[in-house]
Ligand SMILES: Cc1cc2nc3c(=O)[nH]c(=O)nc-3n(C[C@H](O)[C@H](O)[C@H](O)COP(=O)(O)O)c2cc1C
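In the working numbering, the protein residues as written are 667 to 1023.
Here it is as C-alpha cells:
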C-alpha cells in the first residue's frame, strides 16, 4: 500500500512525500511593479517549513498586460527575479521542490492593465476580445519561455503552466473561446499546440532537468478531449499533470458515486487512471482533512494531492497528516478569495494567532 510519506519521482526530482501546495494568489500582498513583497517571502517560507513536498508559487504574469489587476506578481522583467531567490532558498533548505505558476489572463484581462486578447474574438467582460494573429501567438509563447528562464535563474526547480480556470492556455483548448480554423484551432492537437510549443520552448531553454508541469482542465469540454489535450502536453515534454476545472462545467456524472471526494477531485482521479505509467498526476479541490489525504493516496487514486485552502489556513497541515499534529482547519468562508472589499483576513489564521499570514 502506498503511504502519504512515500517519496515519489517526478521528472528528475524526488518529492519527499505525496503532498503539494497548490498555487494560491495572495491578492493583498503584491504591488504594481509585480515584485514579490516581503510578506510573500514570509508567507511561502512558512509554508515550506512544515512538511509539504512541493510548493507551487501563485499565478505569475508573463506580461504586465496579462494580469488579474494592477497588483499581481510577474516575471516579465529581470528586476523581478531577485526576491524569488529568498523563496527558492527557503524551499531548498527544507527539501521542498519549488515551482512557480506562469499565466496570462487572455480574454479575462483586467481592463485596468491591458486589452482582452485570446485565440478568438468572443464576448468578454469588456465587450469582445481581440483575436491574436499568429505573430502575436508566437510573441506570447516567447514571453512564457522568457519567464521560465527567469524562474530558473531565481532558483525554481521548474514551472507550472496555468492551463485551467479559464485563462489563456485554457482559452486555447476550449471550443467556446477558440473558434480558429488555422493550426491553433479545431482538433485537440491544434488546440493544444499553443501550450505544446511553449513546453518545447521551455525544455530547450531550461534543459532536461527543469520540471515542467501543466495544471490542466479535467473535462473541458469532456473528459476524453481533455485527456487527449493533456496527452499532447506530455508528448511535448510535460513531466507532471495537475487536474482542475476549466471554462465549461464538468458533467456532474463524472463524480465518483459515493466517494468522499468531490467532482473536480474526481477528474484528477480519472486522469490518474488514464496517465498511469506515463506521468504522475495530482488531484485537487476540497482536500482539507488528513483522513481524505490518506484515503486518496493509500487507495492509489492519485499520485499526489494538491492542497490550496488547507495550506492557506494552516501551513502545519502536512504535519497533521504525517504526524497527527494539531492544526486549524479551513472554514471555507471565502475570505481569502478575490473581491474588491475582501480584507483577506483568514479566520483560521486568526485562530492560530498568525494574523499577517
Ligand atoms: C485565494 C485563492 C487563490 C487562488 N489562486 C490560484 C492561482 O494562482 N492559480 C491557480 O491555478 N489556482 C488558484 N486557486 C485555486 C486553488 O489552487 C485550488 O484549485 C482551489 O482553491 C481548490 O482547492 P482547495 O479546495 O484545496 O482550496 C486559488 C484559490 C484560492 C482560494
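Glycine is no exception: its CB is placed at the ideal position from the N, C-alpha and C atoms.
Positions of the alpha helix (DSSP H) runs, each at least 4 residues long and wholly inside the stretch 909–974, are given as 929–940, 956–964 in order along the chain. Beta-carbon to beta-carbon, residue 696 and residue 750 are separated by about 13 Å, too far to satisfy the 8 Å threshold. Within its own chain, the residues whose Cβ lies closer than 7 Å to the Cβ of residue 679, once the five positions on either side in sequence are excluded, are 763, 823, 877, listed in chain order. Linking residue 831 to residue 911 through their CA atoms gives a straight-line distance of about 6 Å.
Annotation: residue 794 to residue 688 spans about 32 Å, alpha carbon to alpha carbon.
In this structure, the CA atom of residue 813 is about 14 Å from the CA atom of residue 870.
At least one heavy atom of ligand 1 falls within 8 Å of the beta-carbon of residue 952. For the 9 Å CB-CB criterion, residue 933 and residue 683 do not form a contact.
Annotated three-state conformation of residue 675 is strand, per DSSP.
For residue 939, the distance from the CB to the nearest heavy atom of ligand 1 is not below 8 Å. The DSSP-derived three-state label of residue 725 is strand. Each residue's CA atom was taken as its position, placing residue 1010 and residue 693 some 8 Å apart.
Judged by pairs of C-beta atoms under 8 Å, the stretch 771–781 does not touch the stretch 700–712, as fewer than three such pairs exist. For residue 906, the pairing in a beta bridge is given by DSSP as 879. Its chain contains 721, 723, 753, 756 as the residues whose beta carbon lies nearer than 7 Å to that of residue 710, once the 5 sequence neighbours on both sides are disregarded; these appear in chain order.
The continuous alpha helix (DSSP H) containing residue 867 extends over residues 854–872. Out of 928, 829, 922, the CA that lies nearest to the CA of residue 898 is found in 829. A Cβ-Cβ contact shorter than 9 Å links residue 907 with residue 900. Of the heavy atoms belonging to ligand 1, at least one sits nearer than 8 Å to the Cβ of residue 930.
From the listed residues 868, 990, 978, the smallest Cα separation to residue 1001 is found for 978.
Nearest C-alpha to residue 759 among 740, 712, 785, 798: 712. When the five nearest sequence neighbours on each side are left out, the beta carbons in the same chain lying within less than 7 Å of the beta carbon of residue 856 are those of 849, 850, in order along the chain.
In this chain, the alpha helix (DSSP H) harbouring residue 837 covers 834–839.
A Cβ-Cβ separation of about 11 Å leaves residue 885 out of contact with residue 896 under the 8 Å criterion. Boundaries of the beta strand (DSSP E) harbouring residue 828: 824–829, taken from the DSSP string. For the stretch 684–763, the full-length beta strand (DSSP E) segments reaching 3 residues or more read 685–687, 720–727 along the chain.
Here residue 875 has 677, 678 as same chain residues with Cβ atoms under 8 Å from its own Cβ, once five neighbours each way along the sequence are excluded. In the displayed model, residue 782 falls within coil according to three-state DSSP, outside both helix and strand. One Cα belongs to residue 944, the other to residue 746, and the distance between them is close to 35 Å.
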